[in-house]
Amino acid sequence: MILLFVLIILPLAIKSDYLMHVLITIGLYVVLSLSLNLVAGFTGQLSIGHAAFYGIGAYVTALLMLNYNVPYWATIPISGIITALFGLLLGLPTLRLQGDYLAIVTLGFGEIVRLVFLNWDSVTRGPMGLPGIPSPEIGSYMFFSKIPFYYLILVILIITILFMVRVAESEFGLSLIAVSHDEVAAEAVGVHTTRAKLLAFTFAALFAGIAGGYYATYISFVSPDSFTFMDSVTILAMVVLGGLASIPGVVIGAIVLGLAPEVLRFMADYRMLLYGALMVGMMIFKPEGFWGANKRVRNVILKNLDKSHHLTKRGGTNWPH
6 MILLFVLIIL PLAIKSDYLM HVLITIGLYV VLSLSLNLVA GFTGQLSIGH
56 AAFYGIGAYV TALLMLNYNV PYWATIPISG IITALFGLLL GLPTLRLQGD
106 YLAIVTLGFG EIVRLVFLNW DSVTRGPMGL PGIPSPEIGS YMFFSKIPFY
156 YLILVILIIT ILFMVRVAES EFGLSLIAVS HDEVAAEAVG VHTTRAKLLA
206 FTFAALFAGI AGGYYATYIS FVSPDSFTFM DSVTILAMVV LGGLASIPGV
256 VIGAIVLGLA PEVLRFMADY RMLLYGALMV GMMIFKPEGF WGANKRVRNV
306 ILKNLDKSHH LTKRGGTNWP H
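The structure is reproduced here in structure tokens:
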């Protein structure tokens, strides 16, 4: 509660638009990394095309607002649902693919989406992008400064965290972790692995799409260059460095890597070198991430698999279906 209070009053102490922009950007990164954590962290599916969902949400929102005068608030569920459907479609290959093969599929999906944005000139205006996206309005009040945008991303962030915490504490979340630990064993004790993976991709895409819609109306411009492979890698790095399947860890990872480009701006020539060195160092000395959940996850899995093993012998199971 204290942290929430600090976040609420923070804009009162910050007079710089630049610092407000940094905070808003970090908030976006946290939402994106938490959504990817459902797939890469909880479910253990290597996805390196997450920026595609981010871009789909942004373009859907931009096109609805520019071409059909749809208010931003109405675009939230629309862009979220459309992006979730793409997540469901991408999730279908996970029924048969794992590891490097799945990574290649998600990479290909991300590049296909970017090329569609780049070449569908009649709709997306290609490399020129879509400028002039309106700001949100509440009655006669229009978002004209960064402060209302800050509070909007704060609300989106809180909703995202509450949802992820709920998932982590639910039987569904336990099913995802079981799939990550040992898909064959999870299936053997009654976990519906197909449904678990599809839902993980769907919900991850949903929140990424909502974040993309926010980005579109905040920046007031979208183009294919905003949703590249490197953006997907950056989001994945936040999840890995923060700690797979760890909600606090992913938040920390997003904050650290979100601040890194700004803190190291004076070392622009060496920034990427230091960025890479940090990642290599973390993988060597602290592979579980800043706030890793590996031990906790392993203990939960082993405990429940052991219980399920005994129940299976008696004709039952305690795993969610």
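Each number in the working numbering corresponds to the 1-based position in the sequence shown with 5 added. Where a beta carbon is used, it is the ideal one built from N, C-alpha and C, also for glycine. Values in this document were obtained by computation on a predicted structure and should not be read as measured data.
Worksheet item: Hey, how far is the Cα of Met-169 from the Cα of Phe-114?
Response: If you take the alpha carbons of Met-169 and Phe-114, they lie about 25 Å apart.
Worksheet item: Are the region 212-231 and the region 51-71 touching, with three or more C-beta to C-beta distances below 8 Å?
Response: Yes, since at least three Cβ pairs between the region 212-231 and the region 51-71 fall closer than 8 Å, the two stretches touch.
Discussion item. Rounded to the nearest angstrom, what separates Thr-233 and Gly-195 at their Cα positions?
Written reply: Spanning the two alpha carbons is a distance of roughly 38 Å.
Discussion item. By alpha-carbon positions, which one of Met-235, Val-244, Ala-205 and Ile-224 ends up nearest to Leu-43?
Written reply: Per the Cα distances, Ala-205.
Discussion item. What does the alpha-carbon distance come out to for the pair Ile-166 and Leu-39?
Written reply: C-alpha separation (whole angstroms): 8 Å.
Worksheet item: From which residue to which residue does the alpha helix (DSSP H) around Phe-114 run?
Response: Where Phe-114 is concerned, the enclosing alpha helix (DSSP H) stretches over 104-124.
Discussion item. Would His-89 and Thr-198 be called neighbours here (beta carbons separated by less than 9 Å)?
Written reply: In the sequence on display, residue 89 carries Ala and not His. No.
Fill in: With 16 other Cβ atoms within 10 Å as the buried cut-off, status of Val-244
Buried, because 16 or more other Cβ atoms sit within 10 Å of the Cβ of Val-244.
Practice prompt. Might you give, ordered along the chain, the residues of its own chain that have their beta carbon closer than 8 Å to the beta carbon of Phe-149, omitting 5 neighbours on each side?
Written response: Cβ within range, chain order: Ser-140.
Practice prompt. Determine the contact status of Ser-251 and Gly-294, defining contact as a CB-CB distance below 9 Å.
Written response: Yes; because the gap between Cβ atoms is below 9 Å, this pair is in contact.
Worksheet item: My guess is that Pro-76 and Glu-142 are in contact by the Cβ rule of under 8 Å, so how many angstroms apart are they, rounded?
Response: Taking a contact as a CB-CB distance under 8 Å, the pair Pro-76 and Glu-142 counts as one, their CB atoms being some 7 Å apart.
Worksheet item: Where do the ends of the alpha helix (DSSP H) carrying Arg-200 lie?
Response: Unbroken alpha helix (DSSP H) run through Arg-200: 198-224.
Worksheet item: Given Val-118, which residues of its chain have a CB within under 7 Å of its CB, disregarding the five upstream and five downstream residues?
Response: Cβ within range, chain order: Ala-57, Gly-60 and Ile-61.
Discussion item. Within 8 Å, do at least three Cβ pairs link the region 119-138 to the region 221-230?
Written reply: They touch, by the three-pair rule.
Worksheet item: How is the alpha helix (DSSP H) around Val-44 delimited, first residue to last?
Response: No alpha helix (DSSP H) holds Val-44; DSSP gives it neither H nor E.
Worksheet item: Helix or strand or just coil, what does DSSP make of Glu-192?
Response: Correct three-state label for Glu-192: helix.
Practice prompt. Tell me where the alpha helix (DSSP H) around Tyr-59 begins and ends.
Written response: From DSSP, the alpha helix (DSSP H) with Tyr-59 extends over 55-73.
Worksheet entry | Collapsed DSSP secondary structure at Met-147 in the structure displayed | The answer is strand: DSSP assigns Met-147 an E or B state.
Worksheet item: Which class does Pro-292 belong to by DSSP, given the choice of helix, strand or coil?
Response: Collapsing the DSSP output to three states places Pro-292 in coil.
Worksheet item: Helix, strand or coil: which one does DSSP assign to Leu-269?
Response: It is coil, neither helix nor strand.
Worksheet item: Looking only at DSSP bridge pairs, what is Glu-142 linked to?
Response: BP columns for Glu-142 point to Met-147.
Worksheet item: Arg-200: which of Ser-180, Ala-190, Asp-187 and Phe-212 sits nearest, CA to CA?
Response: For Arg-200, the nearest C-alpha among the options comes from Ser-180.
Worksheet item: Applying the criterion that 16 or more other CB atoms from any shown protein chain within 10 Å of the CB defines a buried residue, is Ala-18 buried or exposed?
Response: Ala-18 comes out exposed.
Discussion item. Please report the straight-line C-alpha distance between Val-238 and Leu-246, rounded to a whole angstrom.
Written reply: Distance between Val-238 and Leu-246, taken at the CA atoms: about 12 Å.
Discussion item. Output needed for Ser-225: all residues of its chain with C-beta closer than 8 Å, excluding positions within five of it in sequence on either side, in chain order.
Written reply: Cβ within range, chain order: Pro-136, Gly-137, Ile-138, Pro-139 and Ser-140.
Worksheet item: Roughly how many angstroms lie between the CA atoms of Tyr-275 and Val-27, to the nearest whole one?
Response: Rounded to whole angstroms, Tyr-275 to Val-27 spans 21 Å at the Cα level.
Practice prompt. Look at the alpha carbon of Phe-122 and the alpha carbon of Leu-69, and state the distance between them as a whole number of angstroms.
Written response: Looking at the two C-alpha atoms, the distance is approximately 15 Å.
Discussion item. In the DSSP assignment, the alpha helix (DSSP H) including Asp-236 goes from what residue to what residue?
Written reply: Counting along the chain, the alpha helix (DSSP H) containing Asp-236 begins and ends at 234-247.
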